[in-house]
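Here's the structure, in structure tokens; my notes come after.
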Amino acid sequence: MCTCPPRGISPAVGLLPDGLVGLGRIPRQLAAHAAGHLFVLMALVDRDNVTGGESTVYSVEKQPLTSFTLTEPRELVFVNDERVFHGVSPVLQDDSSCPVHRDVLVITYRHRA
Numbered sequence: 001m002c003t004c005p006p007r008g009i010s011p012a013v014g015l016l017p018d019g020l021v022g023l024g025r026i027p028r029q030l031a032a033h034a035a036g037h038l039f040v041l042m043a044l045v046d047r048d049n050v051t052g053g054e055s056t057v058y059s060v061e062k063q064p065l066t067s068f069t070l071t072e073p074r075e076l077v078f079v080n081d082e083r084v085f086h087g088v089s090p091v092l093q094d095d096s097s098c099p100v101h102r103d104v105l106v107i108t109y110r111h112r113a
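Mapping of the sequence shown onto our numbering: residues 1 to 113, in sequence order.
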């Protein structure tokens, strides 16, 4: 029986950007990559019953520069997408009897010529 407080949200499985379904799977887009924008802002909206989701920023040679996990709402990371690569580890469900979610707002900026 789930001992987590009810949140009114129950997406235990989500559709990932490359069509993979399920938690603990990492889509190709979330491995070390540059998104092709000038800047990328990633802000945590909320997460519950989640482990993983560790973000890593890499040099252009793909050497890790720093790693961190966004754990509190409104925490964010802002990267110059032309100078670094970035990625995130798989997101796993802590307690299988409770709903799980990790909501991240991603805002990109691309300079118009």
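Ideal Cβ positions, reconstructed from N, Cα and C, are used throughout, including at glycine.
Could you tell me if ASN49 is buried or exposed, where buried requires 16 or more neighbouring beta carbons within 10 angstroms of its beta carbon?
Within the sequence shown, residue 49 is the residue found at index 49, counting from 1. The residue in question, ASN49, is buried, as its Cβ has 16 or more Cβ neighbours within 10 Å.
Can you say whether ARG47 is buried or exposed, counting buried as having 16 or more other CB atoms within 10 angstroms of its CB?
Locating residue 47 in the sequence shown gives position 47, counting from the first residue. Burial call: buried.
Identified DSSP bridge partners for GLN93:
For this step, residue 93 is matched to residue 93 along the sequence shown. Bridge partners of GLN93: VAL50.
DSSP puts LEU76 in a beta bridge; with which residues?
Here residue 76 corresponds to residue number 76 of the sequence shown, with the count starting at 1. DSSP lists ALA43 as partners of LEU76.
For my contact list, PHE39 and PHE85 are in at a C-beta cut-off of 8 Å; report their separation, rounded to the angstrom.
Taking the first residue of the sequence shown as 1, we reach residue 39 at position 39. Taking the first residue of the sequence shown as 1, we reach residue 85 at position 85. With 8 Å as the limit, PHE39 and PHE85 do not qualify as a contact, their Cβ atoms being about 14 Å apart.
Thinking just about the alpha-carbon of each residue, which of ALA43, LEU30, HIS37, VAL60 is nearest to the one in VAL106?
The residue given as residue 106 occupies position 106 in the sequence shown. Answer by Cα proximity: ALA43.
Classification of LEU70 by the beta-carbon crowding that lies within 10 angstroms, buried from 16 upward:
Residue mapping note: residue 70 aligns to position 70 of the sequence shown, counting from 1. It counts as buried.
Can you give the beta carbon distance from LEU65 to LEU41, rounded, assuming they're within the 8 Å contact cut?
The residue labelled residue 65 in the question sits at position 65 within the sequence shown. The residue labelled residue 41 in the question sits at position 41 within the sequence shown. Not a contact, Cβ separation roughly 18 Å.
Just verifying my parser: in three-state terms, what is the DSSP assignment at LEU30?
The residue labelled residue 30 in the question sits at position 30 within the sequence shown. Shown here, LEU30 sits in a helix according to DSSP, grouped into three states.
Cutoff 7 Å; reference ARG102; Cβ partners in own chain excluding five residues on either side
On the sequence shown, residue 102 is found 102 positions in, with the first residue counted as 1. Same-chain partners within the cutoff: ARG47, VAL50, GLY53, VAL91.
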